[in-house]
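Per full-length UniProt numbering, the sequence shown starts with residue 1, numbered consecutively.
Every residue gets a Cβ at the ideal spot worked out from N, C-alpha and C, and that includes glycine.
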Amino acid sequence: MQELANLTEARYLELEREMTRLQGHFTRSKQLLLEKLERQRRTPSLWPTLSKIVTSPYGYRKDPFTKKLSFHRGIDIAGKMNDPVYAAAGGTVREVGYDKLHGHNVILEHADGLRTWYMHLSSASVRKGQTVDKGQHIGKLGTTGRSTGPHLHYEIQLGGKSTDPAPYLPASYRKEKG
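Written out as structure tokens, the structure is:
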């Protein structure tokens, strides 16, 4: 009888150790999942506009004003005046401003050195320091600043340098023929 009790106790202790080990794995897995979800929330991956018509991609192009070759640091997305503009990722509003080049514009700060910049807005609906969610309305599409017509100039910066937004966006977009 004592032998059975000893075996039962040994098995119980073994199961208790295994349960503690598995609980640790579960806790770590849960933490990793939460971190991944937070990174996804703060990584630009949504279209910032209803329209998906890219009229000017990232890279070298003929400047519409000077007619000279210049580097375009974002993408231009055509749209209708006052169409909604959405945060492509959750983050914090770093700047809301206006200048002659960018017009009304909003800069959002995200995770891992990422920023998104929304330019030529007719108006902004957020304020500096505000926290925004992915998909939240942040302004209205416009043609303010140095602009040829209603569009959103959408720029992504990584570590303070512009980077092509295309890899961050869902694949479904079309370039305007012309």
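Neighbourhood of residue i by C-beta distance below 6 angstroms, restricted to the same chain and skipping five residues each side
{"i": "L101", "result": "G145 and R146"}
{"i": "T163", "result": "I156"}
{"i": "G142", "result": "H120, L121 and S122"}
{"i": "P170", "result": "none"}
{"i": "N82", "result": "S122 and K140"}
{"i": "Y98", "result": "H104"}
{"i": "Q2", "result": "none"}
Distance CB(residue i)-CB(residue j) smaller than 8 angstroms
{"i": "V96", "j": "V106", "result": "yes"}
{"i": "K134", "j": "S122", "result": "no"}
{"i": "T116", "j": "A78", "result": "no"}
{"i": "R11", "j": "H110", "result": "no"}
{"i": "G74", "j": "P150", "result": "no"}
{"i": "F71", "j": "G90", "result": "no"}
Same chain only: Cβ atoms within 7 angstroms of residue i, ignoring 5 sequence neighbours per side
{"i": "Y118", "result": "P48, V85, N105, V106, I138, G139, L152 and Y154"}
{"i": "A124", "result": "V96, H104, V106, I138 and G139"}
{"i": "V93", "result": "V106, L108, V126, R127, K128, G129, Q130 and V132"}
{"i": "Q136", "result": "Y86 and A87"}
Spatial neighbours of residue i in its chain, beta-carbon cut-off 8 angstroms, leaving aside the 5 residues before and after
{"i": "T27", "result": "none"}
{"i": "K68", "result": "K62"}
Nearest-angstrom beta carbon gap, residue j and residue i [assumed within contact, 8 angstroms]
{"i": "P44", "j": "L158", "result": "No, P44 and L158 are not in contact; Cβ-Cβ is about 10 angstroms, not under 8 angstroms."}
{"i": "T148", "j": "P64", "result": "5 angstroms"}
If you scan the region 128 to 153 from start to end, which runs of the beta strand (DSSP E) of 3 or more residues do you find wholly inside it? 137 to 140
The region 47 to 55 touching the region 23 to 32, judged by at least three CB pairs closer than 8 angstroms: no
Which ranges does the beta strand (DSSP E) cover as unbroken runs of at least 3 residues, wholly within the region 20 to 94, from first to last along the chain? 53 to 56, 59 to 62, 69 to 72, 75 to 78 and 84 to 86
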